[in-house]
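First to last, the protein sequences are chains A and B. Just add 2 to wherever you are in the first sequence, counting from 1, and you've got my numbering. Just add 1139 to wherever you are in the second sequence, counting from 1, and you've got my numbering.
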Amino acid sequence: MPEQFLFAIEVTLNGLMAGVLYALVALGFVLIFKASGIFNYAQGVMALFAALTLVGIMDGQVPFSHLINAIFGTEIHHFGWHVPALLAIILTACVMVLFAWLVQRYIFRHLVNQEPIILFMATIGLAYFLEGVGDLMWGSDIKKLDVGLPQGINEWIDETTFNAFGYGFFIDNLDISATIVAIVLVAALIMFSQYTKQGRALRAVADDHQAALSVGISLNFIWVLVWSIAGFVALVAGIMWGAKSGVQFSLSLIALKALPVLMLGGFTSIPGAIVGGLIIGVGEKLFEFLVGPMIGGATENWFAYVLALIFLVFRPQGLFGEKIIERV
Amino acid sequence: MFYREAGDFKTSYPEDSQTFPIKFDRYRYYVVLAVAFLIIPFIINDYWANAVFVPFLIYAIAAIGLNILTGYCGQVSLGTGGFMAVGAYSVYKLMTAFPEVSMLIHVPLAGLITAGVVTLFGLPSLRIKGFYLAVATLAAQFFLVWLFNKVPWFYNYSASGQISSPERDVFGIIVTGPNTEAWAKYMICLVFVTLAALIARNLTRGSIGRKWMAIRDMDIAAEIIGVNPMMAKLSAFAVSGFFVGIAGALFFSVYLGAAEVGESFGIDKSFLVLFMVIIGGLGSIFGSFAGAAFMVLLPVFLKNVFVGMLGWPTDLAAHLQFIVAGGLIIVFLILEPHGLAQLWRLAKEKLRLWPFPH
């Protein structure tokens, strides 16, 4: 087989893996948008905040140490213990639930029935706020996140493909585990929304707020629940991206990566988020590989958006979005 | 007491439909203009010009532009940063290509070029609506920034990839470059702001503005009563692009002096201008000014408090600034989702009845 073709396959596979990660972030968006009509720009910052908190707990950092030192002139930084990864993940999940409750109680309860653009702006404000809090709590330096996921090239795939085609594919173990985690997560979410009482209530709210209210579903509870789930999804996304490229500010920019995925898949569809993620992941990697060198490279920033834009012109509600019916 | 319609008789249609129908408002407007044109230029210094007045005036133009698109026509745009970059790079190309032409011609020309580009990116709005459109305008943002980074022609093949504004004048007075006096910077921005506000105000209350508002309120209904949605939407994009382009041109040439596209015109700019429009009030020219003033003054104020008064380290102050700015935006949206302009309207209603509220 020609070398170029094998490269393209390798790029495609890597694109699929990246797409899974995009889908993971997009999933958090879709959940909140479906249940409450809020377009949550803060999803990326939530991932950053979750990852920062996880690292902070694992390393036993003192929260707000910088601020405390500045005010009281003390020199404290660490508690001096290390928390095992699993326990730290559970603790961080608790923090995200608390965060969900706070957001619901103090922000969005006051904004019920506002226009979507106002809600959107509020989430941008929330993103700024959370970013500041995260930096203030745990410091803004780049941190390493290691929760014990395998890293580096997968030898088995490398060898097998080398024997079969004479060219070993480079596939990162981390990407493989991210894919597995994402699949498990999506399966769990589907199970949750199909087979549990709360899951059914959640779908009812997504369908029709007033009808859900009238059969006795507490909207407040459902919104806290959905923000908690989104927080948990953000935590998973934060772990994966953090393990890949370190926990730092740029982590919050993955929200911008997830937006074209959402457009492509439709804002209201969970399968759409996944398929959209895969298409965007493969599309941008292939475009960068095939066309990028001709026009100066670094096309990954905008290609996803342009792809989604062209796509939308033909199908304005996205791949799996609900058909938009307008009445006067 | 003094803020009354009573006794202020209108005897002709132009009088009845003027921008400030109440006498007190009209005089206040003249006083503001007089202070802005006749007093501030003589007492302004470099700090006030660079930290407060020039950015305020420039952002006010950008906010007016975005307000026309988002507030009047209902098309949410997140590409303002990229569109400002178009204005900046076109004025740069014009300034270097025709050095002897006055800035008073270059800047509106840059606005026109931007209007063309923005109209092009506005085309999808005919198919895509709401948040889908908002995200679609991000395509413009990222694509334009990438384009200005990658094509050397735009920055005249300079080694650093930056653009820096050469010295240009208006009627013999230098307005760009490092040797500009504070008052000259202020005056050129003020002239453009005044013109922009006048044009915007008169467009939005004319037939074209009513078409935009009809589209915003419900586009299908507007189409049925005879508004051409294509013309209305694209004209909103074009007019908005014109103002945003002027803002970008002034931002680069007068305020920054040297710019690198990703840093000066990144997505942060888009959000900043959108914040101004929301906090000021959607669909209000006054709101654009109020929002711009708020968002320009807030960081200056916070920095003075945290670093100047409390003496905390600057990185800590920067984090706190994020928290306070984000928190204030949320509080603001909760307390008054219609922005500062609504507060202003309420105040005027109160004033009309004062001191006998019954």
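The C-beta atom is built at its ideal place from N, Cα and C for all residues, glycine as well. Just so we're clear, the structure is a prediction, and the values are computed from it rather than from any experiment.
- With respect to the 8 angstroms criterion, Met98 (chain A) and Gly233 (chain A) are classified as neighbours on the basis of their beta carbons.
- Per the DSSP secondary-structure output, Ala1397 (chain B) pairs in a beta bridge with B:Ser1303.
- Relative to Val226 (chain A), the option among A:Ala102, A:Ser179, A:Ala129 whose CA is nearest is A:Ala102.
- If you draw a straight line from the Cα of Ile1347 (chain B) to the Cα of Ile109 (chain A), it comes to about 37 angstroms.
- Shown here, Val1309 (chain B) sits in a strand according to DSSP, grouped into three states.
- Annotation note: the region 40-124 of chain A contains the following uninterrupted alpha helix (DSSP H) runs of length 4 or greater, listed N- to C-terminal: 45-61, 67-74, 87-105.
- Close CB contacts of Ala37 (chain A) within its chain, under the 8 angstroms cut and outside five residues either way in sequence, are with Leu204, Val207, Ala208, Ile224, Trp225, Val228 (chain order).
- In the structure shown, the three-state DSSP call for Val1314 (chain B) is coil.
- Under a criterion of Cβ atoms nearer than 7 angstroms, the residues of chain A adjacent to Pro1452 (chain B) are, in order, Ala72.
- Cα atoms of Ala1486 (chain B) and Leu1172 (chain B): separation of roughly 21 angstroms, rounded to the nearest angstrom.
- Remark: C-beta atoms of Gly1401 (chain B) and Val1257 (chain B) do not approach each other more closely than 8 angstroms.
- Contact with chain A is found for Lys1289 (chain B), since one of that chain's Cβ atoms lies less than 8 angstroms from the residue's Cβ.
- Using beta-carbon distances, Leu1177 (chain B) does not count as an interface residue toward chain A, since no partner is under 8 angstroms.
- Between the alpha carbons of Met1326 (chain B) and Leu1389 (chain B) lies a gap of roughly 12 angstroms.
- Tyr1186 (chain B) is classed as exposed because its beta carbon has fewer than 16 other beta carbons within 10 Å across all chains shown.
- Looking at the backbone, the Cα of Ala1202 (chain B) and that of Gly1466 (chain B) are separated by about 21 angstroms.
- Between Phe1270 (chain B) and chain A, the shortest Cβ-Cβ separation is below 8 angstroms.
- For Asn303 (chain A), a Cβ of chain B is located within less than 8 angstroms of the residue's own Cβ.
- Looking at the backbone, the Cα of Ser230 (chain A) and that of Glu1362 (chain B) are separated by about 42 angstroms.
- The CB of Gly1466 (chain B) comes closer than 8 angstroms to the CB of Gly127, Phe131 in chain A, given here in chain order.
- Chain A places a beta carbon closer than 8 angstroms to that of Trp1285 (chain B), counting this residue as a contact.
- Each of B:Phe1260, B:Ile1417, B:Ser1303 was checked against the Cα of Ser1374 (chain B), and the nearest Cα belongs to B:Phe1260.
- In summary, the residues of the region 104-129 of chain A whose CB is separated from some CB of chain B by less than 8 angstroms are Ile109, His112, Leu113, Gln116, Glu117, Pro118, Ile119, Ile120, Phe122, Met123, Ala124, Ile126, Gly127, Leu128, Ala129, in the order they occur in the chain.
- Not flagged as an interface residue toward chain A: Leu1482 (chain B), since no C-beta distance is shorter than 8 angstroms.
- In this structure, the alpha-carbon of His1245 (chain B) lies about 24 angstroms from that of Phe1282 (chain B).
- Nearest to Phe316 (chain A) by alpha-carbon distance, out of B:Leu1472, B:Ala1321, B:Val1314, B:Arg1266, is B:Arg1266.
- Asp1407 (chain B) counts as exposed, since fewer than 16 other C-beta atoms from the protein chains shown sit within 10 angstroms of its C-beta.
- Here DSSP, grouped into helix, strand and coil, assigns Lys145 (chain A) to strand.
- The DSSP assignment places 1346-1356, 1358-1363, 1368-1389 as complete runs of the alpha helix (DSSP H) inside the region 1344-1394 of chain B, in order along the chain (cut-off: 4 residues).
- Using a CB distance cut-off of 8 angstroms, Leu314 (chain A) counts as an interface residue toward chain B.
- One thing to note: Phe269 (chain A) has its Cβ within 8 angstroms of the Cβ of Val32 (chain A).
- Closer than 9 angstroms at the C-beta level to chain A, one finds these residues of the region 1411-1439 of chain B: Leu1413, Phe1414, Ile1417, Ile1418, Leu1421.
- By the rule that beta-carbons nearer than 8 angstroms mark a contact, Pro318 (chain A) touches chain B.
- Residue environment analysis places Cys1328 (chain B) among the buried positions, since at least 16 neighbouring C-beta atoms fall within 10 angstroms of its C-beta.
- Pairing Val1230 (chain B) with Phe1391 (chain B) gives a Cβ-Cβ distance under 8 angstroms.
- Val293 (chain A) sits in coil when the DSSP states are folded into three classes, being neither helix nor strand.
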